[in-house]
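Some notes on the structure that comes next.
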Amino acid sequence: MKIKQFIQRLFGSKQRKPSSGGTSANPSEKMQKMMAMLSATREEELTCDEVFALLDQFTELAAQGEDVAKLMPLVQHHLDMCDDCREEYKVLKSILYGAA
Amino acid sequence: MDKRTNEEWVADLRAGGDRQTGALEDLRAIILRGLPYAIAGRLDPNSPQSEALTEEVVQETLMRVLEYLDTFEGRSQFTTWAHKIAVRAALTELRRVRWREVPLPEMDVDDDMDASYREAPDEQASPEEQVAQAEMMKRVNRIIMEELTDKQRQALTAIMEGFPLEEAAGRLGTNRNALYKMLHDARLRLKKRLEKEGLTPQEVLSVFEQAGR
Ligand SMILES: [Zn+2]
Numbered sequence: 000m001k002i003k004q005f006i007q008r009l010f011g012s013k014q015r016k017p018s019s020g021g022t023s024a025n026p027s028e029k030m031q032k033m034m035a036m037l038s039a040t041r042e043e044e045l046t047c048d049e050v051f052a053l054l055d056q057f058t059e060l061a062a063q064g065e066d067v068a069k070l071m072p073l074v075q076h077h078l079d080m081c082d083d084c085r086e087e088y089k090v091l092k093s094i095l096y097g098a099a
Numbered sequence: 000m001d002k003r004t005n006e007e008w009v010a011d012l013r014a015g016g017d018r019q020t021g022a023l024e025d026l027r028a029i030i031l032r033g034l035p036y037a038i039a040g041r042l043d044p045n046s047p048q049s050e051a052l053t054e055e056v057v058q059e060t061l062m063r064v065l066e067y068l069d070t071f072e073g074r075s076q077f078t079t080w081a082h083k084i085a086v087r088a089a090l091t092e093l094r095r096v097r098w099r100e101v102p103l104p105e106m107d108v109d110d111d112m113d114a115s116y117r118e119a120p121d122e123q124a125s126p127e128e129q130v131a132q133a134e135m136m137k138r139v140n141r142i143i144m145e146e147l148t149d150k151q152r153q154a155l156t157a158i159m160e161g162f163p164l165e166e167a168a169g170r171l172g173t174n175r176n177a178l179y180k181m182l183h184d185a186r187l188r189l190k191k192r193l194e195k196e197g198l199t200p201q202e203v204l205s206v207f208e209q210a211g212r
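Chain order of the listed sequences is D and H.
Per numbering that gives the first Met the number 0, the first sequence starts with residue 0, numbered consecutively.
Per numbering that gives the first Met the number 0, the second sequence starts with residue 0, numbered consecutively.
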């Protein structure tokens with residue numbers, strides 16, 4: 000197990016990055032990102048599939064101006080944690096707004 | 000044409016024959032109106048790739064709608080449910096295109112393995128703060144090495160570098176849902192271990208946030 004290699008990879012500043020976008024390689028920023036993730040971690044979290052099953056309902060409620068964070072807090076929490084699901088939520092919401 | 004009730008959508012799509020064909024045509028038009036929102040900002044909407052992707056996603060969505068029709072519980076408008084399926088299919092494909100050339104981060108490294116410590120963790124931090132930051136990084140990394148499996152570390156590294164879950168999952172031979180569970184388990188383990196060592200994420204953060212003030 001090569002601990003230094005992992006440190007270099009996780010917090011070092013020489014990562015390969017995609018040509019555009021991607022995250023900052025500043026080690027202290029990565030540490031901040033990770034700690035923010037840990038801080039928000041809960042014992043019980045919904046998975047991507049569970050959120051997908053509820054996403055149409057959640058998005059409609061959000062588009063109607065309902066307080067979805069209060070009504071469906073576990074879905075909201077997953078969207079805060081999961082970039083993929085959040086991205087899909089935003090697109091779906093823009094479709095509903097566009098269709099209104 | 001999208002004036003059907005949820006019940007009418009389901010009944011028409013189940014009907015077969017002209018009734019089903021008509022419903023599929025109407026649904027196709029509805030999905031086509033939604034897809035530009037998925038493509039916007041991710042692909043040139045006028046490109047041939049965009050046209051091909053749209054056609055592929057529409058086909059896939061209609062097939063899935065029919066396949067999963069029984070799972071529609073009427074908790075939303077039927078069209079919202081169909082859009083949801085289309086958005087997932089479109090973004091999955093767009094992510095694949097966007098990331099296919101990007102290798103999953105590996106734990107390879109040059110010989111100068113301590114470089115990350117000599118580089119200032121935060122250029123605005125005082126020397127004392129930099130030492131504290133380096134020590135905290137070592138401590139957190141030791142915890143990561145001791146608590147997580149190779150696969151969990153690999154997944155965590157990829158996510159930290161901005162890899163979509165879906166793409167990282169494919170490379171790691173799993174699926175997005177399982178990868179989320181694996182990362183959730185990893186986060187929980189790290190959080191509990193920090194607690195065991197008398198550290199909260201906020202305390203770790205404070206070592207880094209003091210810098211630059
Ligand atoms: Zn998710």
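Note that beta-carbon positions come from the ideal geometry of N, C-alpha and C, so glycine has one too.
The structure displayed is predicted, hence computed values, not measured ones.
Contact under 8 Å by Cβ, residue i with residue j
i, j, result
"residue 37 of chain D", "residue 186 of chain H", "yes"
"residue 92 of chain H", "residue 50 of chain H", "no"
"residue 220 of chain H", "residue 12 of chain H", "In the structure as shown, chain H starts at 0 and stops at 212, and residue 220 of chain H therefore has no counterpart that could be examined."
"residue 154 of chain H", "residue 193 of chain H", "no"
"residue 84 of chain H", "residue 60 of chain H", "yes"
"residue 34 of chain H", "residue 20 of chain H", "no"
"residue 190 of chain H", "residue 40 of chain D", "yes"
"residue 159 of chain H", "residue 32 of chain D", "yes"
"residue 163 of chain H", "residue 82 of chain D", "yes"
"residue 86 of chain H", "residue 26 of chain H", "no"
"residue 14 of chain H", "residue 103 of chain H", "no"
"residue 71 of chain D", "residue 200 of chain H", "no"
Contact with chain C by residue i, beta-carbon distance below 8 Å
i, result
"residue 69 of chain D", "In the structure shown, chain C cannot be found, because the protein chains are D and H."
7 Å Cβ cut-off: residues of chain D touching residue i
i, result
"residue 83 of chain H", "54, 55 and 91"
"residue 189 of chain H", "37"
"residue 33 of chain H", "94"
"residue 76 of chain H", "59"
"residue 165 of chain H", "83"
CA nearest to the CA of residue i, picked from the options
i, options, result
"residue 5 of chain H", "H/39, H/131, H/68 and H/49", "H/68"
"residue 168 of chain H", "H/145, H/94, H/126 and H/196", "H/94"
"residue 203 of chain H", "H/25, H/135 and H/85", "H/135"
"residue 86 of chain D", "D/54, D/43 and D/71", "D/54"
"residue 142 of chain H", "H/128, H/196, H/171 and H/166", "H/196"
"residue 101 of chain D", "D/56, D/69 and D/70", "A question about residue 101 of chain D goes unanswered here, because the residues of chain D that appear run from 0 up to 99."
"residue 170 of chain H", "H/81, H/127 and H/98", "H/98"
"residue 26 of chain D", "H/139, H/101 and H/166", "H/139"
"residue 66 of chain H", "H/144, H/9 and H/146", "H/9"
Close beta carbons around residue i, own chain, < 8 Å, minus the five adjacent residues each side
i, result
"residue 176 of chain H", "none"
"residue 113 of chain H", "In this prediction, residue 113 of chain H has a pLDDT of 42, which is less than 50 and means its spatial position is unreliable; nothing more can be read from the coordinates."
"residue 44 of chain D", "73, 76, 77 and 80"
"residue 181 of chain H", "150, 151, 154 and 173"
"residue 57 of chain H", "27, 30, 31, 34 and 85"
"residue 44 of chain H", "35 and 38"
"residue 76 of chain H", "5"
"residue 48 of chain H", "42 and 96"
"residue 109 of chain H", "Model confidence at residue 109 of chain H stands at a pLDDT of 34, short of 50, so the residue's coordinates are unreliable and nothing is read from them."
Sequence-distant residues of the same chain with beta carbon closer than 7 Å to residue i, five excluded per side
i, result
"residue 61 of chain D", "67 and 92"
"residue 117 of chain H", "Its pLDDT being 45, under 50, residue 117 of chain H is placed unreliably by the model, and nothing is read from it."
"residue 262 of chain H", "Given a span of 0 to 212 for chain H in the structure shown, any question on residue 262 of chain H remains unanswerable."
"residue 58 of chain D", "88, 91, 92 and 95"
"residue 127 of chain H", "none"
"residue 18 of chain H", "11"
"residue 184 of chain H", "none"
heavy atom of ligand 1 below 7 Å from residue i C-beta
i, result
"residue 77 of chain D", "yes"
"residue 36 of chain H", "no"
"residue 110 of chain D", "Chain D is shown from 0 up to 99; residue 110 of chain D falls before or after that span and cannot be answered."
"residue 67 of chain H", "no"
"residue 67 of chain D", "no"
"residue 88 of chain D", "no"
"residue 86 of chain H", "no"
"residue 96 of chain D", "no"
"residue 74 of chain D", "no"
"residue 57 of chain H", "no"
"residue 9 of chain H", "no"
Residues of its chain near residue i, where Cβ-Cβ distance is below 6 Å and the 5 sequence neighbours each way are ignored
i, result
"residue 50 of chain D", "74, 77 and 84"
"residue 80 of chain H", "71"
Chain H contact residues for residue i, given Cβ-Cβ distances below 7 Å
i, result
"residue 31 of chain D", "204 and 207"
"residue 86 of chain D", "90"
"residue 48 of chain D", "176"
9 Å Cβ cut-off: residues of chain H touching residue i
i, result
"residue 110 of chain D", "One cannot answer for residue 110 of chain D here, as it falls past the ends of chain D, which runs 0 to 99."
"residue 42 of chain D", "187"
Chain-ordered chain D contacts of residue i [CB-CB under 8 Å]
i, result
"residue 4 of chain H", "What residue 4 of chain H touches in chain D: nothing, since even the nearest Cβ is about 15 Å away."
"residue 139 of chain H", "30 and 33"
"residue 151 of chain H", "Those do not exist, as residue 151 of chain H stays about 11 Å from chain D at its closest Cβ, beyond 8 Å."
Under 9 Å from the C-beta of residue i: neighbouring residues of chain D
i, result
"residue 132 of chain H", "26, 27 and 30"
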